[in-house]
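A.B. asks: All residue numbers for the sequence shown refer to numbering that gives the first Met the number 0, where the first residue is 0 and numbers rise by one. Here a beta-carbon is modelled for each residue, glycine too, at the ideal position from N, C-alpha and C. Quantities reported herein were computed from a predicted structural model and do not represent experimental measurements.
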Amino acid sequence: MNWRQHWIKNEQARKRWIADISHELRTPVAVLKGKIVAMLDGVRALSIERIQSANEEVKELEQLLDNLYELTRTDLGTMHYSKGRLNLFHYSIMKPSGIIRC
0 MNWRQHWIKN EQARKRWIAD ISHELRTPVA VLKGKIVAML DGVRALSIER IQSANEEVKE
60 LEQLLDNLYE LTRTDLGTMH YSKGRLNLFH YSIMKPSGII RC
């Protein structure tokens with residue numbers, strides 16, 4: 000595969016990726032908007048439970064955006080890593096039935 004074919008393939012993958020992200024972000028926004036509009040229009044009564052439900056949608060959307068940000072940083076090469084030793088024993092507990100991971 001020459002550089003041009005490789006570039007075209009990468010560009011197509013990037014466009015698919017953007018379309019997928021757009022779709023993933025539209026769903027929680029549409030749900031949230033529907034809940035808010037229903038309460039504003041009086042179709043659904045305004046209540047603490049419904050506001051909490053809308054808040055949960057916002058939290059899920061925030062998590063999606065945080066994941067997207069981290070993925071973008073990784074893709075751009077701006078994320079920094081540090082290597083070090085890790086003692087897995089500190090993350091495990093011995094039980095009679097075997098090792099349980101914490």
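Hey, would you say Glu61 sits closer than 7 Å to Val30, going by beta carbons?
C.D. replies: No.
A.B. asks: Which residues in the same chain have their Cβ closer than 8 Å to the Cβ of Leu45, if we skip the five residues on either side of it in sequence?
C.D. replies: For Leu45, where only same-chain residues beyond five positions count, the Cβ hits under 8 Å are Met38.
A.B. asks: Helix, strand or coil: which one does DSSP assign to Ala72?
C.D. replies: The question names Ala, but residue 72 is Arg in the sequence shown. It is helical.
A.B. asks: Report the CB separation of Ser52 from Lys34 in whole angstroms; it is logged as a contact under 8 Å.
C.D. replies: With a Cβ gap of about 6 Å, Ser52 and Lys34 count as contacting.
A.B. asks: If you draw a straight line from the C-alpha of Ala18 to the C-alpha of Ser81, how long is it?
C.D. replies: Their backbone Cα atoms lie some 33 Å apart in a straight line.
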